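Be aware that the sequence shown starts at 1, since it is given in our numbering, and climbs by one per residue.
Encoded as structure tokens, the structure appears first; notes follow it.
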Amino acid sequence: MPSVDVVEEPIRERVGSDLRAIIAYDGREYDCTLRDDLAEQYSESEIRRIVNRSIVIQLGVRDHPSSLKTGDLDALVRTYEDAWLVGCPAPNRRKSGVLVSVARNGGDATFADVDECVRVLEDAVDEAIA
Numbered sequence: 001m002p003s004v005d006v007v008e009e010p011i012r013e014r015v016g017s018d019l020r021a022i023i024a025y026d027g028r029e030y031d032c033t034l035r036d037d038l039a040e041q042y043s044e045s046e047i048r049r050i051v052n053r054s055i056v057i058q059l060g061v062r063d064h065p066s067s068l069k070t071g072d073l074d075a076l077v078r079t080y081e082d083a084w085l086v087g088c089p090a091p092n093r094r095k096s097g098v099l100v101s102v103a104r105n106g107g108d109a110t111f112a113d114v115d116e117c118v119r120v121l122e123d124a125v126d127e128a129i130a
């Protein structure tokens, strides 16, 4: 079963109170930790929709060969008005990965911190979805 435990501490240390959410998923199940204000806003079915949408995006990006000579896809970072959303696919499992949401305007996290989250996820994504 997926677990956020392996990535939560190093990410929380990096982004502090700007950590909004972490979701580890394997296509069938997911585990998540949400900041208290978000836990009140999202139902289980809404979280499942977020996971399913992320899987669709992940599969689409992986299946579409890049014309850019930039190496393998490590993560997909989406920038929203209030948050960065980092999606890190598991390299050997098609519908598995970890999502991390970090507040953009919270005061603690910078884009350099988000990049460090990508590094943490790259190293630990397989363990998080084991």
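Quick reminder that beta carbons are idealized off the backbone N, C-alpha and C, glycines included.
Remember, predicted model here, so these are calculated numbers, not experimental data.
Who pairs with residue i in a beta bridge, going by DSSP?
i: VAL100; result: ILE22 and VAL86
i: CYS117; result: Note: CYS117 sits in no beta bridge, so no partner.
i: LEU73; result: None, per the DSSP bridge assignment.
i: THR33; result: ILE22
i: ARG78; result: LEU85
What does a CB cutoff of less than 6 Å around residue i pick up in its chain, not counting 5 residues either side in sequence?
i: ASP31; result: PRO2, SER3, VAL4 and ALA24
On the criterion of 16 or more Cβ atoms from any shown chain inside 10 Å, does residue i qualify as buried, or is it exposed?
i: ARG14; result: buried
i: ASP123; result: exposed
i: SER96; result: buried
i: GLY60; result: exposed
i: GLY107; result: exposed
i: TYR56; result: Here residue 56 is Val; the residue named in the question, Tyr, does not match the sequence. When all chains shown are included, VAL56 counts as exposed.
Ordered along the chain, which non-local residues of its own chain (more than five positions away) have a Cβ less than 8 Å from that of residue i?
i: VAL120; result: VAL7, PRO10, ILE11 and ARG14
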